[in-house]
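In what follows, a single structure is set out as structure tokens and then discussed.
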Amino acid sequence: MTLDTRARQASQGIHRAVEVMEMSTFTKEPKKVERFDRYRDRKQRNRRIGAILVAGALVVAAVVLVSTDILDRGEGTTPGIPPALSPPAGSILFGVEQGDGTQALFTVDVAGGPERDLGIATDPGATWSPDGATILVTSSVGPAETRSPLRPATIDPDGSNFTLLGATSDPEVGLNCLTWSPDGSQLACEGFSTSGGPELGGVYTVRASDGGGIQRLTEFRAVPMDYSPDGSQIVLFRGDQDPESPAGALYVVNADGTGLRRITPAGFAFDYFASWSPDGERIAFGHFDDANGGELYVVAPDGSGLTEFLTDEMLGMDAWLATWSPDGAHIAFLGWQGGDEPDVFIARADGTDVQQVTDTPDVFERNLVWGPPRG
């Protein structure tokens, strides 16, 4: 089944999913789609009102740029050309909302080419292994008899070879595992009570080899988003107490459960997504408000240096869901240019050389993860 076919099937289901509530923290995602629709309609009206003023400004700017370019050419320079970088490489894994709380998985080569349908529908949060050889999913993908309680599982990059990592034997704990340690030995998971109570909610880790060796890191429920490059820390997203809100705060905790600290203001982070830069210095995440829309921010692991990273003025669009390239030179994000739905884009880490990766008008892509090139 192609992405366009899934888009037609999913477009109605996305908005029906506004009323769907399941156990995972990720079930707030339909609220994001509804909020995005309201914001999209309002911003489109504002853009139409400002179009005449912008057009006039562009004419003046064009005259200035042409004049400057002529002068620069006379001195033998070439203005506006960023320094050369190695071209981006690897594949982006992303999900497409299915309207029933699951996401269909696709991959796309950042160097170009069509999206690849893996034929898998899983709970939100699928991600690449550190070596790009496997993809972490949940047991909901597998046979009916092993789907519950929720457990981690892996598939090959083509969607085949489902392997359950079910060594954790406690049936009272559900585990939605969402990120790998850099050495591939551990998984960090959102844990919850299968009976619906709050007593078992928290962040857990298990062995990546078989899903055993469970350890609880926090006493409150949160979503582990990414390990630090050295594997010593994990960045978490904890949602607001208001179930209608997709906002929350980022926390960092040591991999052994010590040293928990909040690193963003309450309600500032948006979208249950954060990505640690490969150099370990910055954590990228999305911020959203009705006035400015979606912008990407960065913050240091100790909570300092909270700043705008890639703004809509830099990119020419609103942006969410940042994920770093493995070498840290580029970043992928979900960008909205004023059409029906966002698409996947990549840019250099300084906001230049923006390139569109997907073009799917009826699809709301989710949970972008940039995987390494495969040998």
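To get this note's numbering, take the position in the sequence shown, counting from 1, and add 640. The beta-carbon is built from N, C-alpha and C at its ideal position, and this holds for glycine as well. Keep in mind that this is a model prediction, so the values were computed, not measured.
Item, Value
"Measuring from the CB of Q743, is there a heavy atom of the ligand ADP at a distance below 7 Å?", "Ligands are entirely absent from the displayed structure, and the ligand ADP is therefore not among its contents."
"Report all residues from its chain with a CB closer than 6 Å to the CB of A976; omit the five preceding and five following residues, and keep chain order.", "Sequence inspection shows Trp at residue 976; the Ala mentioned does not correspond to that position. Contacts found: M957, D958, P982."
"If contact is defined by three or more beta carbon pairs under 8 Å, each pair taking one atom from either stretch, is the segment 787-795 in contact with the segment 818-838?", "yes"
"Based on DSSP bridge pairs, tell me the residues matched to N894.", "Q873"
"Measuring straight from C-alpha to C-alpha, what distance separates E935 and E785?", "43 Å"
"Does the segment 809-816 touch the segment 767-776, meaning 3 or more C-beta pairs lie closer than 8 Å?", "no"
"Let me see if you follow: with CB-CB separation under 8 Å, is L745 close to chain C or not?", "Absent from the structure is chain C; it holds one protein chain and no more."
"Can you tell me whether DSSP reads M865 as helix, strand or coil?", "strand"
"Where E859 and L827 are concerned, what is the direct C-alpha to C-alpha distance, given to the nearest angstrom?", "18 Å"
"Within a Cβ cutoff of 6 Å, which residues of the same chain sit near V863, ignoring the five residues on either side of it in sequence?", "T665, E830, F877, Y912"
"Between which residues of its own chain and S821 is the CB-CB distance below 6 Å, once the five residues before and five after are set aside?", "Y867, G871"
"Anyone know if the C-beta pair for T998 and E755 falls short of 8 Å?", "yes"
"Using the beta-carbon count (16 or more within 10 Å), is I654 buried or exposed?", "Bear in mind that a pLDDT of 36 at I654, under 50, signals an unreliable position, so the number given afterwards is only what the model happens to contain. Result: buried."
"Can the beta-carbon of I903 be found less than 8 Å from the beta-carbon of L890?", "yes"
"So, G851 versus G806, is the Cβ gap smaller than 8 Å?", "yes"
"Give me whichever residues DSSP pairs with R922 in a beta bridge.", "According to DSSP, R922 bridges with nothing at all."
"For a quick check, are the C-beta atoms of T1021 and T819 less than 8 Å apart?", "The structure shown has nothing for residue 1021, since the chain only spans 641 to 1015."
"Mapping DSSP to helix, strand and coil, what is E812?", "coil"
"In whole angstroms, what separates the C-alpha of G991 from that of D749?", "20 Å"
"Determine the closest residue to P797 out of G836, P770, P727, V1003, with distance taken between C-alpha atoms.", "P770"
"Whole angstroms are fine: how far does the CA of T951 sit from the CA of D740?", "32 Å"
"Are there 16 or more other CB atoms within 10 angstroms of the CB of G730, so buried, or fewer, so exposed?", "buried"
"Verify whether the separation of the beta carbon atoms of V984 and F734 is less than 8 Å.", "yes"
"Rounded to whole angstroms, what's the CA-CA distance from E948 to N801? Just pull it up for me.", "41 Å"
"Could you tell me the alpha carbon to alpha carbon distance between G888 and F746, rounded to whole angstroms?", "28 Å"
"Q977 bridges to which residues according to DSSP?", "DSSP, once it has assigned bridges, lists no residue as partnering Q977."
"What three-state label does DSSP hand L950 in the structure shown?", "strand"
"Below 7 Å CB to CB, which residues in the same chain sit around Y844 once its five sequence neighbours on both sides are set aside?", "L815, C829, G831, I854, Q855, R856, L857"
"Would you kindly report the start and end of the unbroken beta strand (DSSP E) that includes T963?", "958-964"
"If distances are taken between C-alpha atoms only, which option among F910, P941, G920 comes closest to D929?", "F910"
"Could you name the residues that DSSP lists as bridge partners for P792?", "T778"
"Looking at the structure shown, is T845 part of a helix, part of a strand, or coil, going by DSSP?", "strand"
"Does the distance from the CB of A940 to the CB of R922 come in under 8 Å?", "yes"
"Classify A924 as buried or exposed, calling it buried when 16 or more other Cβ atoms lie within 10 Å of its own Cβ.", "buried"
"Who are the Cβ neighbours of G824 in its own chain at under 8 Å, not counting the five residues just before and after it?", "S769, P770, D771, A848"
"What does the Cβ neighbour count give for G765, buried or exposed, with the cut at 16 atoms within 10 Å?", "buried"
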